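In this note's numbering, each number is its position in the sequence shown, counted from 1, plus 32.
Let me begin by presenting the structure, written as structure tokens, before commenting on it.
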Amino acid sequence: MTQNFHTIVIGGGCLGCASAISVRRRLQRLPDTAGAKVCLLEKRVIGSGLSARHSGIVRAANAVPEAARLAKIATEQWRELDKLWGVPASFDACGAIWIAKDNGQTGNAKWDSLERQMQETGVEFQQISASNARAALPGFVNLYDGEVYYLEPGALQFDPSVVRNLLYRGLDTNQVEVREKTEVTAFERGKDGAISAVLTEDGERLECQHLINAAGPWGPAIFAGLGLSIPVSVEPVHVVNWLTSNREIKETFPIIADYINLAYFRLWRDNEIHMHQPRKRAIRETARAFAENPLAIIGADFISDPTNQGLGYTQIKVYEEIARRRFKNIDKTVYGSGYRSYFDITPDLKFILGPDHRVPNLVHCLGAGQAFKYTPVFGEIIADFVTGGTEYAKLAADFSISRFDEQYMANFWERVAGRDNTLQAEAASL
Ligand SMILES: Cc1cc2nc3c(=O)[nH]c(=O)nc-3n(C[C@H](O)[C@H](O)[C@H](O)COP(=O)(O)OP(=O)(O)OC[C@H]3O[C@@H](n4cnc5c(N)ncnc54)[C@H](O)[C@@H]3O)c2cc1C
């Protein structure tokens, strides 16, 4: 059966859903395309890929100013999602406290400059005194001498299971045609090189004018058949939820971005403390994640393989040790649950957003690690690219896939196989 769509989106994670919703709403508003159909294809169910494992944190402060700007816009859009998607989002406006090392006389140049940059970007982010941090956090949070604290009052936290339902509501309200359990397996291309049809595992042939790749770490395998390289790999990360007494938690408390112990903590399901570690930032580590290429085994499907979900005893103990430094009550709490998950990463750890220069009608929407927070604004960016809008597309200027050209990739691979990979460099990193 052949069917014709204005736009097909591959991938029903938060980014694919946002892209489909925003494109469909934009088309509805334009006189020539009001009835144009948008179809979202998801090989499992909505929100079952990486979007099944996020921590629901929306923080705007970011050392990359363009990312901070996007996160600020996204935060405002989350707050008024009914205006953008026709459905409201529920969240906890808890704010975040960042904890960093006080370098004493040498000052906190990096953090001071982040504070300045954020103020220039319009993101509220300022240093607060230890006593103000103490007042904002529950008594069971340990604060130490030699720390400095920054407050980001605008940070939000979401319940990821509520987010999944919100994605379904957004898709339905905007009449996106959703096909779950439908795997894209191949493409047909027209004379101009554009993708004219998408073929599915069930033997369907779906024609499209525009195609959006929001398949996260599955993207490289899907487009390999067309000879397109999509430089995405994955980096493992572990999550633990500690059960605490609900007598100890009187009310919600701010997200804790602990840059001393390198861990994020948040209140989870009202009486658990949820923790995970951030992405590794060193280029060397990123290059290694690509070189080891976990996606080579069975593609990104290994992410959802049940044998790959559990945490080992040692990993839990490591997290217990980290958590115990920050929380006095961890000794007497219980390991509630945990899982292994993955950040999707690109060579420079930044997103891939916008048209692919090699295929006229292909647009990418890939997150690079921490993308739940950008969901609504990424949808608007993709809608601009598909419908010829300009307001949001310009915000993606630095994130085109064309930046990963041959020269870039050659330099990148040198970090794995070339001059950086010496015993000396190895010793320096120990
Ligand atoms: C532990 C952890 C905590 C995190 N916490 C946060 C956080 O607090 N805040 C934040 O902003 N971000 C966070 N993130 C990042 C966030 O989870 C991801 O950036 C985001 O979920 C990526 O969404 P996506 O739509 O790009 O990918 P996915 O959710 O992976 O969606 C891709 C979809 O494509 C589908 N697909 C694949 N192949 C095909 C095919 N051939 N045909 C059809 N469909 C296909 C897959 O089944 C999948 O559903 C966290 C990540 C981790 C691992």
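Glycine included, C-beta positions come from ideal geometry on N, C-alpha and C.
Computed from a predicted structure; not experimentally measured.
Considering only their Cβ atoms, is the gap separating residue j from residue i smaller than 9 angstroms?
| i | j | result |
| --- | --- | --- |
| S261 | F436 | yes |
| A253 | G43 | no |
| F417 | V391 | no |
| R298 | I89 | yes |
| A218 | L238 | no |
| L385 | S432 | yes |
| R372 | V208 | no |
| T378 | A400 | yes |
| L113 | L47 | no |
| V41 | L243 | yes |
| G370 | I335 | no |
| F322 | L82 | no |
| K69 | Y291 | no |
| Q158 | Q151 | yes |
| T276 | E304 | yes |
| V366 | L327 | no |
| E220 | Q35 | no |
| K364 | V96 | no |
Just the Cα atoms here: how many angstroms apart are residue i and residue j?
| i | j | result |
| --- | --- | --- |
| E280 | N174 | 14 angstroms |
| D234 | R201 | 26 angstroms |
| D302 | N278 | 8 angstroms |
| A256 | S87 | 31 angstroms |
| G342 | P268 | 12 angstroms |
| T153 | I227 | 38 angstroms |
| L333 | W250 | Correcting the residue type first, residue 333 is Asp in the shown sequence and not Leu. If I take the Cα positions, the gap works out to 8 angstroms. |
| Y182 | Y176 | 15 angstroms |
| A165 | S145 | 20 angstroms |
| A50 | N340 | 28 angstroms |
| G45 | I287 | 24 angstroms |
| G127 | N293 | 20 angstroms |
| Y440 | L169 | 44 angstroms |
| K360 | P310 | 22 angstroms |
| G480 | E98 | This structure cannot speak to residue 480, because the chain is shown only from 33 to 462. |
| A464 | W445 | Residue 464 lies beyond the range of the chain shown here (33 to 462); nothing can be said about it. |
| K405 | A141 | 27 angstroms |
| N206 | H38 | 15 angstroms |
| C240 | G222 | 11 angstroms |
| K213 | K282 | 42 angstroms |
| W300 | V409 | 25 angstroms |
| A449 | A459 | 16 angstroms |
| E179 | G136 | 9 angstroms |
| R358 | H306 | 13 angstroms |
| G331 | D64 | 40 angstroms |
| G186 | F172 | 23 angstroms |
| P387 | P338 | 34 angstroms |
| H308 | V266 | 16 angstroms |
For residue i, collect the residues of the same chain with a Cβ closer than 7 angstroms to its Cβ; drop the 5 residues on either side in sequence, then sort them by chain order.
| i | result |
| --- | --- |
| I315 | R447 |
| I362 | W274, E352, A355, R356 |
| A415 | S54, V55, R58, G421 |
| N94 | A100, A103 |
| E215 | K75, T232, E233 |
| V463 | Given a span of 33 to 462 for the chain in the structure shown, any question on residue 463 remains unanswerable. |
Apart from the five residues on each side of it in sequence, which residues of its chain come closer than 6 angstroms, Cβ to Cβ, to residue i?
| i | result |
| --- | --- |
| D124 | Q189, T284 |
| V210 | L72, L203 |
| R196 | G79 |
| A92 | A100, A103, K104, T107, V155 |
| R85 | S373 |
| A121 | W110, L113, L198 |
| L62 | none |
| W143 | A132 |
Could you spell out the range, first to last residue, of the alpha helix (DSSP H) harbouring residue i?
| i | result |
| --- | --- |
| I254 | 251-256 |
| N197 | 192-205 |
| A449 | 438-449 |
| S51 | 46-61 |
| A103 | 97-111 |
From which residue to which residue does the beta strand (DSSP E) around residue i run?
| i | result |
| --- | --- |
| P268 | 265-275 |
| R237 | 237-245 |
| Y424 | Premise fails: Y424 is in no beta strand (DSSP E) and is neither H nor E. |
| A229 | 227-232 |
| E179 | 179-184 |
| T214 | T214 -> no beta strand (DSSP E), and no H or E assigned at all. |
Leaving out five residues on either side along the sequence, give the residues of the same chain with a beta carbon under 8 angstroms from the beta carbon of residue i.
| i | result |
| --- | --- |
| L427 | E98, R101, L102, I105, V409, I413 |
Taking 8 angstroms as the cut-off, does the CB of residue i come closer than this to any heavy atom belonging to ligand 2?
| i | result |
| --- | --- |
| E239 | This structure lacks ligand 2; the ligands present are ligand 1. |
Legend entry - Ranges of the beta strand (DSSP E) found wholly within the stretch 357-419, counting only runs of at least 3: 366-377, 384-387, 394-398
Inset, instruction - List in chain order: all unbroken beta strand (DSSP E) runs of 3+ residues lying wholly within the stretch 121-176. - result: 128-133, 158-160
Legend entry - Those runs of the alpha helix (DSSP H) which lie wholly inside the stretch 288-320 and span at least 4 residues: none
Inset, instruction - Tell me the start and end of each unbroken beta strand (DSSP E) in the stretch 59-92 that is at least 3 residues and wholly inside, in chain order. - result: 70-73
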